[in-house]
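Chemist: In the numbering used here, the protein residues as written are 72 to 305.
Ideal Cβ placement from N, Cα and C applies to all residues, glycine included.
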């Protein structure tokens, strides 16, 4: 709840106000709804981050009630306090929202980042585009994707009609490129070592890395033999 601390604090204030005034039944109900679920999920040993959405909704409602009650108070000091709390909450949540959506969207230390594509994956797409252009075929280059983990690659390769997503090993010696996964590396040299060279390793999402193999006659001089994959330490 670090990201939602302003909502948590304001919802607690709203629930207390509703219980003290005992005039707004819906506010009282929403407070019990929010903190009842919060307590229940706290007790459950295994939980996933998106479960928080079920109690964040009522927390937002009762937090709004708290701001309304503070701003509508007769005491000027309480009005000012309500305005300051609102400004603080909007500022903190706005800053956190920007950071999560535009800066740390692939940071798996953030609780809401779940299986998001790593930005390093775009380097793989750039290498595919580079080698496709180098082959002279451009977007008609053949790309065999043998990794079972490849989403969201179909979107990035949507303009490549000869990009085939097998999800398993296939025999090939003519395709310009092969994309395999780290989980397949024990068999790569035997299957493709005679016709392909290793370009690099690229992250897809947390725990999933992809290898790009390029046909020998197309690969740059810096390309390596497939057995050198074993020297890569993620």
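1. Helix, strand or coil: how does DSSP classify residue 270 here?
2. Can you confirm whether the region 78-96 touches the region 169-184 when touching is taken to mean that 3 or more C-beta pairs between the two stretches lie within less than 8 Å?
3. Please determine, among 195, 214, 150, 123, the residue with the shortest C-alpha to C-alpha distance to residue 108.
4. Within the region 205-285, note down every full beta strand (DSSP E) run reaching 3 residues or more, in order along the chain.
5. Within 10 angstroms of the Cβ of residue 265, are there 16 or more other Cβ atoms? Answer buried if so, exposed if not.
6. Quick one, which of 151, 117, 253, 167 has its alpha-carbon nearest residue 276's?
7. Give the secondary structure of residue 197 by DSSP, where H, G and I count as helix, E and B as strand, and everything else as coil.
8. If I follow the unbroken alpha helix (DSSP H) through residue 306, where does it start and stop?
9. Does the region 208-221 come into contact with the region 229-245, if we say contact requires no fewer than three beta-carbon pairs (one atom in each stretch) closer than 8 Å?
10. Closer than 6 Å by C-beta to residue 244: which residues in its own chain qualify, once you throw out the five before and the five after it? Chain order, please.
11. Using only alpha-carbon positions, find the residue among 284, 273, 235 that is nearest to residue 260.
Modeler: So, to answer that:
1. By 1-based counting over the chain shown, the position of residue 270 is 199. It is a strand residue.
2. no
3. Here the question's residue 108 lines up with position 37 in the chain shown. It is 123 whose Cα lies nearest to the Cα of residue 108.
4. 214-216, 234-236, 248-252, 267-276
5. Working through the chain shown from its first residue, we reach residue 265 at position 194. Flag for residue 265 reads exposed.
6. If you number the chain shown from 1, residue 276 lands on position 205. Of the listed residues, the one whose Cα sits closest to residue 276 is 253.
7. Numbered from its first residue, the chain shown carries residue 197 at position 126. Looking at residue 197 - three-state DSSP - the assignment turns out to be helix.
8. A question about residue 306 goes unanswered here, because the residues of the chain that appear run from 72 up to 305.
9. yes
10. Position 173 of the chain shown holds residue 244. 266.
11. Along the chain shown, one-based indexing puts residue 260 at 189. Here the closest residue by C-alpha is 284.
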